[in-house]
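Here's the structure we're looking at; comments come further down.
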Amino acid sequence: MKLTEQTWTDIAACETDLAVLPVGSTEQHGPHAPLGTDTLTATAVAEAGVDKYDGTAVLGPTVPVGVAAEHRQFPGTLWVSEDTFREYVRETIQSLTTHGWDRVVLVNGHGGNVDALRELCGTVVRESEAYAVPFTWFDADIYGDIEVDIRMGHGGPVETSVVQYTDPDLVREERIERAGKESTAGWGEWQSGVNLAYDSAEFTENGVVGDPREGGAAAGEQLLDSAATALAELLDAVERRDTTRPRRRD
Ligand SMILES: [Zn+2]
């Protein structure tokens, strides 16, 4: 049930304690994929997962700007600080819980949000009555049934494929060949297991990590379906979870 499409009287009658809040980002995704890629994919996975889930979950609006300063050299990229992001998302969860939706799953579409989301959800669980957990769709167990062997990069085959399937008009197909040729294989500049780089512009010229030519709309359809299944299973587990806090050992 999409929160933004309901009236307050309709949503008041909705009996569930489960909410889903998609979290995206607005940032460069190479010359071929739109700046809204992470927001589009988080929204698509959240919608498909809520559809697949047997129970009822309230689907909140997608948070469009995240922790993305690592892409700031590329025009169009927007970001907020981790502090602002944590506070904003935490308070949004708090407002959901005010209405009785006190089991919240965040569906995340951006790698830069991962650490902050895990931390803020931990704070929610430890310091309030609510339960919250982040689901970063591309880090979930979704690759087992996909026909091509593709891995997450940035503007790479995984997220490009999903947008090719969900919003084909937004992917510049004629630029994929060159974007792939000029892409970087891995994320960062590594020494002794340490990433020396902070910004993506330090190790990629066109902003692309991983080769988008390896994917396509068919792979995107499979990825979306697999992510939706994983999310539906997670929603079921969160709904059934005993959220009583563990007793203090003595
Ligand atoms: Zn992305």
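By numbering that gives the first Met the number 0, the letter at position 175 of the sequence shown is numbered 174, and the numbering carries on one by one without gaps. Ideal placement from N, C-alpha and C gives every residue a C-beta, glycine not left out. Remember, predicted model here, so these are calculated numbers, not experimental data.
Going by alpha carbons, who is nearest to A67 out of A56, D82, G54?
D82
If you measure from the CB of T36, is any heavy atom of ligand 1 nearer than 7 Å?
yes
Quick one: give me the first and last residue of the beta strand (DSSP E) that A18 is part of.
17-22
V64 versus T55, P133, D37, V57, residue with shortest Cα-Cα distance
D37
Return the chain-ordered list of same chain residues with a C-beta closer than 6 Å to the C-beta of V57, the five sequence neighbours on each side being excluded.
M0, L2, A18, W100
Where does N194 land, buried or exposed, given buried means 16+ other C-beta within 10 angstroms?
exposed
By the DSSP assignment, the beta strand (DSSP E) with T135 in it spans what residues?
130-135
Hey, is the region 7-14 in contact with the region 133-140, meaning 3+ C-beta pairs nearer than 8 Å?
no
Am I right that A218 and G48 are in contact with their C-beta atoms under 8 Å? What's the rounded C-beta distance?
Not a contact, Cβ separation roughly 18 Å.
E173 to E188 span [Cα, whole Å]:
29 Å
What residue range does the beta strand (DSSP E) around V104 cover?
102-107
Does ligand 1 have even one heavy atom less than 7 Å from the beta-carbon of H153?
yes
heavy atom of ligand 1 below 7 Å from H70 C-beta:
no
Does ligand 1 have a heavy atom nearer than 7 Å to the CB of H31?
no
Would you mind sorting S24 into buried or exposed? The rule is 16 or more other CB atoms within 10 Å of its CB.
buried
DSSP three-state assignment for A56, whether helix, strand or coil:
coil
Nearest CA to the CA of P21: which residue from T135, R102, G179?
T135
Mind checking T159: buried by the 16 CB within 10 Å criterion, or exposed?
buried
Excluding sequence positions up to five away, which residues of its chain have a Cβ less than 7 Å from the Cβ of L119?
R85, V88, R89
Alpha-carbon to alpha-carbon, T183 and F202:
7 Å
Give me whichever residues DSSP pairs with V62 in a beta bridge.
V22
When you compare only the Cα positions, how much space is there between A226 and D210?
21 Å
If we ignore side chains and look at the alpha-carbon of each, how far apart do E220 and G143 end up?
14 Å
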